[in-house]
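Residue numbers for the sequence shown follow the UniProt record's numbering, beginning at 1 and rising by one.
Heads up, the thing below is written out as structure tokens.
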Amino acid sequence: ENAMFDHPNVGPGCADQPGYSHLEAIDPLLWVGNEVAAAHAHFGCVVSTVPSRGLNGRTAPQLTTHAVMFADGQGKETKAGIVHAKSCILQGAVYVDAAITAGKAVLVHCAWGQNRSCAICCAFAVLHRGMSAIDAIAYVRERNLIERRYAGQQPPGGAMHNKAFREIIAEIERERDAAQPPAMPMAAPQATGLSQP
């Protein structure tokens, strides 16, 4: 019996290997992946939204450095679920920023490497790299399609298919923009008191 499929996250997105995508345009130290991704490379920081799994499919909590566990309701989250997910997404982005600032290679993972983990990476991109929500979401989708292969990867599935999580990232962008101080108008040049020849 395959131990990889003895839990609720059964599916091809859990099992493709190595199961991660490099998000180099967001940051050269950032990867996003599925629950077995941490077992395939050495990462200085592993942000987990579900338990990490080893190459044998068994849970491997020692692979996780930071846990931010929350559910993926596939876009059917309750209001309370959305509030909780946003809090976890923001906390995950804090962990990513701290690790990257420290020069560590970072993997953010969930079960399939599509929604929870990608949402954290998108939040990091919006808050710490100045990307728009639309651009961040499009980029993680693109990298998922280029670097991974599993059934269910194409729309309507695939990276960031959870509409509630896409809306959270857009909300984070709006909040970021609202918190920015307004641009100061340019001051008119001051007279120097020097006479012109």
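Glycine residues also receive a C-beta, built at the ideal position from the N, C-alpha and C atoms.
For clarity, every value in this text was computed on a predicted model and none was experimentally measured.
Check your understanding: Are there 16 or more other CB atoms within 10 angstroms of the CB of D177, so buried, or fewer, so exposed?
Key -> Exposed, since its Cβ has fewer than 16 Cβ neighbours within 10 Å.
**Study point:** Burial state of N34 (16 or more Cβ within 10 Å)
**Key:** buried
Review point. Based on Cα-Cα distance, which residue from T59, M160 and L63 lies nearest to V140?
Key: M160
**Study point:** beta strand (DSSP E) runs contained entirely in the segment 156-184, provided each spans 3 or more residues
**Key:** none
Exercise for review: Taking only the alpha-carbon atoms, compute the straight-line gap between S87 and H109 and give it to the nearest angstrom.
Suggested key: Whole-angstrom Cα-Cα distance: 17 Å.
Review point. Is the segment 131-140 touching the segment 79-99 in the sense that three or more CB pairs, one from each, lie closer than 8 Å?
Key: no
Practice item. Identify the continuous alpha helix (DSSP H) that holds V83 and give its terminal residues. Key: K79 to T101
Check your understanding: Tell me which same chain residues have a C-beta within less than 6 Å of the C-beta of A125, skipping the five on either side of it?
Key -> By the criterion of a C-beta distance shorter than 6 Å, A125 is surrounded in its chain by I26, M131 and A136, once the five residues flanking it on both sides are discounted.
Check your understanding: If you run the structure through DSSP and keep just helix, strand and coil, what is P189?
Key -> Interpretation of P189 is limited by its pLDDT of 49, a score under 50 that renders its predicted location unreliable; the figure taken from the coordinates is listed afterwards. Of the three classes helix, strand and coil, the one that applies to P189 here is coil, per DSSP.
Point to revise | Beta-carbon spacing of A111, C45 below 7 Å | key: no
Practice item. Look at A93 and L63 and say whether their C-beta atoms are less than 7 Å apart. Key: no
Check your understanding: DSSP three-state call for L145: helix, strand or coil?
Key -> helix
Practice item. Excluding the 5 residues preceding and the 5 following M69 in the sequence, name in chain order all residues of the same chain whose CB lies nearer than 8 Å to its CB. Key: For M69, where only same-chain residues beyond five positions count, the Cβ hits under 8 Å are S48, T49, V50 and C88.
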